[in-house]
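Asks: Under the UniProt record's numbering, the first residue of the sequence shown is numbered 1, with each subsequent residue one higher. Before I ask anything, let me first share the structure, which is written out below as structure tokens.
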Amino acid sequence: MPRGFHYGGALGEGSYGCVVAATRTPDGAPVALKMFSNTSHIVQPSSSDPDWSTLRELRVLRLLPSCEFIVPPLEVVRCGPGDRTLCLVSEMMGESLESYIYYVYTQSYSPHSVATATSSSSGSGGDSGEPMSPNLLNTFNHCSIRWIAQLLCALQFLHDCGVGHRDVKCANILLPLGAGRALETAGSVHRLRVPKVKLCDFGLARPYVRQRDKTRESPRSRRRDTAPERLHRASDYGGYTQHVGTPVCLAPEVLCWSKYYSLAEADLWSLAADVIARLVSGPWPCGLFSEDYGGVGYIEGSKLDDIHDQDGWILRRIASVIGRPSDRELKAICRNLPYRRVLESQYFSDLPASSSDSADSGLRELYETCCPTGYSLLRSILRWDPADRATLPDAMANEFFYTMGDEEWPVCDWKAEELPYSKEFDYEAGDSWDSVALEAEMAWEVEAWRQRKASNCHSRPRGRTRKSC
């Protein structure tokens, strides 16, 4: 543990390392420590290339202005003298939105249980076998609308700053400490103070270059984002890393291994597929396109160890819910002609086209009966062609939010500035970056965080010349 903190127990772990609860010694404040074990050995054991993801995450969080819907980072420290392991200290939060949804689900006869979604038989969705109390259900539905609005504002903030999150899902959205218990015992929703949810885990986030899209025929002028020109030249695929995030939450263009795609549009798809879909129809324990949802099954003999085949089956599940893509839509998300032909012949051939009346019958059946406006919001975002999808302002203006008063809408009064895309984030572009350079950058980043804490602003460390491009 770093000096000045008392260990309070493990909270979670991942490929980066682990997250632990701790108490800050000087003031007794509860905090969360994200300990990056991958910085202790600098180079990943399975690769000769440096692991830059941690440095990118720390740098993005340091440069981002504060936002009430983003878990605020406090400081970065080392675990001990001479220890390379870095710890990101953040505000202590409560349970994840995923945990809260599952808890509410197990207390209820869910409007649509997993058993109903995966078979024609009916059954109760809750593990307890007891129906949900009206108060708990009303509280959940009341909060859900406002949480979706808060998360749309969080994405608007990130995209205004020119940052894509790339892993938006319920597991990366946190409630305040004690919020779950407070909601469980809440009385009338009219007197309920809805807790603010916050987006966390920026391990896959990266800045991007924004530009006006003049190449697409669209009824609206859209802002699009692209990988910087450096990355086009530096990598064999010429763009962003093609496959990052949680597969069942990824947008179709990402699943199709597109070289260039809009991080902003991909983030909004993920929010709809995993978060909005689980909130608007009552507590729903899994994402819309997860295996537990049901829909079409795998064909016997498929090689699921092939990552392209796995993505093909997720695309098939998407098609079973919103309809098979037309030729135009498929070309928009997949520029690779051989892969397009594989998708059409092996995954989509027996499904109704998206233009047919029965194309999205699964989505309509699931949502129209319990939340017509929720269906409208989902359907506006879950479109194959990114140019056909609702933008963030479109989503915010959806009739789904009409029950909210103007005073309830989150105030988006931040001063967002687009992060300058530079060599700081462009690690793939230079062959001179190695483990020695990474270690030096880590040391520089720790110093930058120290000065940030001291000055309470986003200043650059003094007294050091940056490595030139």
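Quick reminder that beta carbons are idealized off the backbone N, C-alpha and C, glycines included.
1. Alpha carbon to alpha carbon, how far is Ala10 from Arg181?
2. Assign Asp350 to one of two classes, buried (16 or more other C-beta atoms within 10 Å of its C-beta) or exposed (fewer than that).
3. Helix, strand or coil: which one does DSSP assign to Phe401?
4. Buried or exposed for Gly312, please, with buried defined as at least 16 other CB atoms from any protein chain shown within 10 angstroms of its CB.
5. Assign Tyr260 to one of three DSSP states: helix, strand, or coil.
6. Is it the case that the Cβ atoms of Leu330 and Val163 are separated by a distance below 8 Å?
7. Is the beta carbon of Gly8 sitting closer than 8 Å to the one on Gly94?
8. Quick check on the DSSP output: the alpha helix (DSSP H) that includes Ala272 runs from which residue to which?
9. Give a yes or no on whether the C-beta atoms belonging to Ser281 and Cys371 are separated by under 8 Å.
10. Can you tell me the Cα-Cα spacing of Gly430 and Glu365, whole angstroms?
11. Using 8 Å as the threshold, is the region 402–412 in touch with the region 333–350, meaning 3 or more CB pairs across them?
12. Please tell me whether Leu58 and Cys161 are closer than 8 Å, where the distance is taken between their beta carbons.
13. By the 10 Å Cβ neighbour count, where 16 or more other Cβ atoms means buried, how is Ala97 classified, buried or exposed?
14. So, is the C-beta of Lys169 closer than 8 Å to a C-beta in chain B?
15. Use the C-beta contact count for His6: other C-beta atoms within 10 angstroms, 16 or more gives buried, fewer gives exposed.
16. For Cys334, write down the residues that DSSP places opposite it in a beta bridge.
17. For Arg316, I'd like the list of residues in its chain whose CB is within less than 8 Å of its CB, leaving aside the five on either flank, ordered along the chain.
18. Just to confirm before moving on: does the CB-CB distance between Cys259 and Phe69 stay below 8 Å?
19. Could you compute how far the alpha carbon of Leu61 sits from the alpha carbon of Phe202?
20. For Ser361, report the span of its beta strand (DSSP E) as first-last.
21. His6 bridges to which residues according to DSSP?
22. Measure the alpha-carbon distance for Leu74 versus Glu265 and round it to whole angstroms.
23. Does the beta-carbon of Thr215 have 16 or more other beta-carbons within 10 angstroms, so that it is buried, or is it exposed?
24. For Cys249 versus Gly287, is the C-beta spacing smaller than 8 Å?
25. Could you have a look at Asp388 and say whether DSSP puts it in helix, strand or coil?
26. Going by C-alpha to C-alpha distance, which of Leu263, Leu88 and Ile314 sits closest to Ser37?
27. Taking the alpha-carbon positions, what's the Glu368 to Asp274 distance?
28. What span of residues does the beta strand (DSSP E) with Pro372 cover, start to end?
Replies: Checking against the coordinates, here is how it stands:
1. The residue given as residue 10 occupies position 10 in the sequence shown. The residue given as residue 181 occupies position 181 in the sequence shown. C-alpha separation (whole angstroms): 21 Å.
2. For this step, residue 350 is matched to residue 350 along the sequence shown. Counting of Cβ neighbours within 10 angstroms places Asp350 among the exposed residues, the total staying below 16.
3. The residue you call residue 401 lines up with position 401 of the sequence shown. In this structure, DSSP gives Phe401 a helical state, which the three-state scheme calls helix.
4. Indexing the sequence shown from 1 puts residue 312 at position 312. Buried is the call here.
5. For the purposes of this step, residue 260 is taken as residue 260 along the sequence shown, with counting starting at 1. Correct three-state label for Tyr260: coil.
6. For this step, residue 330 is matched to residue 330 along the sequence shown. For this step, residue 163 is matched to residue 163 along the sequence shown. Pairing Leu330 with Val163 gives a Cβ-Cβ distance that is not under 8 Å.
7. For this step, residue 8 is matched to residue 8 along the sequence shown. For this step, residue 94 is matched to residue 94 along the sequence shown. No; because the gap between Cβ atoms is not below 8 Å, this pair is not in contact.
8. If you number the sequence shown from 1, residue 272 lands on position 272. Where Ala272 is concerned, there is no enclosing alpha helix (DSSP H), given that its DSSP letter is neither H nor E.
9. For this step, residue 281 is matched to residue 281 along the sequence shown. For this step, residue 371 is matched to residue 371 along the sequence shown. Closer than 8 Å, so yes.
10. Position 430 of the sequence shown, counted from the start, is the residue given in the question as residue 430. Position 365 of the sequence shown, counted from the start, is the residue given in the question as residue 365. Only weak support exists for where Gly430 lies, its pLDDT of 44 falling under 50; the value from the coordinates is given anyway. Cα to Cα, Gly430 sits roughly 51 Å from Glu365.
11. no
12. Taking the sequence shown and counting its residues from 1, the one referred to as residue 58 is at position 58. Taking the sequence shown and counting its residues from 1, the one referred to as residue 161 is at position 161. In this structure, Leu58 lies away from Cys161, with their beta-carbon atoms at least 8 Å apart.
13. Residue mapping note: residue 97 aligns to position 97 of the sequence shown, counting from 1. Going by the sequence as given, residue 97 is Leu instead of Ala. With 16 or more other Cβ atoms within 10 Å, it is buried.
14. Structure shown: chain B not included; a single protein chain is present.
15. Residue 6 sits at position 6 when you count from the first residue of the sequence shown. When all chains shown are included, His6 counts as exposed.
16. Counting from one through the sequence shown, the residue named residue 334 turns up at place 334. Answer is none; Cys334 lacks a bridge partner.
17. Position 316 of the sequence shown, counted from the start, is the residue given in the question as residue 316. So the qualifying residues of the chain are Val296, Tyr347, Phe348 and Leu351.
18. As a first step, residue 259 is located in the sequence shown; it is residue number 259 there, counting from the start. As a first step, residue 69 is located in the sequence shown; it is residue number 69 there, counting from the start. Here residue 259 turns out to be Lys, not Cys, going by the sequence shown. It is not a contact, given that the beta carbons lie outside the stated cut-off.
19. For this step, residue 61 is matched to residue 61 along the sequence shown. For this step, residue 202 is matched to residue 202 along the sequence shown. In a straight line, the C-alpha of Leu61 is about 8 Å away from that of Phe202.
20. Here residue 361 refers to the residue found at position 361 when the sequence shown is read from its first residue. From DSSP, Ser361 is part of no beta strand (DSSP E) but of the alpha helix (DSSP H) over Ser361 to Tyr367.
21. Taking the first residue of the sequence shown as position 1, residue 6 is located at position 6. Answer is Thr23, bridged to His6.
22. For the purposes of this step, residue 74 is taken as residue 74 along the sequence shown, with counting starting at 1. For the purposes of this step, residue 265 is taken as residue 265 along the sequence shown, with counting starting at 1. Those two C-alpha atoms are separated by around 29 Å.
23. For this step, residue 215 is matched to residue 215 along the sequence shown. Annotation note: pLDDT 40 at Thr215 (below 50); position unreliable, coordinate value reported separately. So Thr215 ends up on the exposed side.
24. Locating residue 249 in the sequence shown gives position 249, counting from the first residue. Locating residue 287 in the sequence shown gives position 287, counting from the first residue. Contact: yes.
25. Position 388 of the sequence shown, counting from 1, holds the residue named residue 388. Here Asp388 sits in helix by DSSP.
26. By one-based count along the sequence shown, residue 37 stands at place 37. Nearest C-alpha to Ser37: Leu88.
27. Here residue 368 corresponds to residue number 368 of the sequence shown, with the count starting at 1. Here residue 274 corresponds to residue number 274 of the sequence shown, with the count starting at 1. Spanning the two alpha carbons is a distance of roughly 18 Å.
28. Taking the sequence shown and counting its residues from 1, one reaches residue 372 at position 372. Here Pro372 belongs to no beta strand (DSSP E); instead the alpha helix (DSSP H) covers Pro372 to Ile381.
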